[in-house]
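Below: the structure, in structure tokens.
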Amino acid sequence: MAKTKRLELRLPENHEIFTYPSGTRSAVAAAFLDIGIKLSHIENRLDKLENCIERVHLSGQPDKDKTKTITQNLIKGFGID
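Position in the sequence shown (first residue = 1) + 766 = the numbering used here.
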């Protein structure tokens with residue numbers, strides 16, 4: 767069995783954890799902490815995905831200066847000017 771450590775935590779009297787029966791609160795609090803950590807990891811992953819999507823979206827925007835240069839090169843290349 768893994769070693770356990772004690773965590774002292776002060777909460778207001780009306781905190782939801784106190785609606786659970788005495789004797790189960792430690793297990794419930796530990797489960798809530800685990801859920802909170804997992805949620806934090808999910809939020810971090812979502813932030814990374816949003817950043818990736820934003821980069822893809824921005825890279826899909828045409829660069830007008832680059833497009834203009836390419837157009838001018840094509841015109842010169844075909845001798846249209």
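Virtual Cβ for every residue (Gly too), placed ideally from N, Cα, C.
query                                                                                                            : result
Whole-number beta carbon distance between residue 783 and residue 797, since they are thought to touch under 8 Å : Actually they do not touch by this definition, with Cβ atoms about 11 Å apart.
Option nearest residue 772 by Cα separation, candidates 793, 788, 779                                            : 793
Extent of the continuous alpha helix (DSSP H) run through residue 845                                            : Segment: none, residue 845 is in no alpha helix (DSSP H) and carries neither H nor E.
Residue 821 - DSSP class collapsed to helix/strand/coil                                                          : helix
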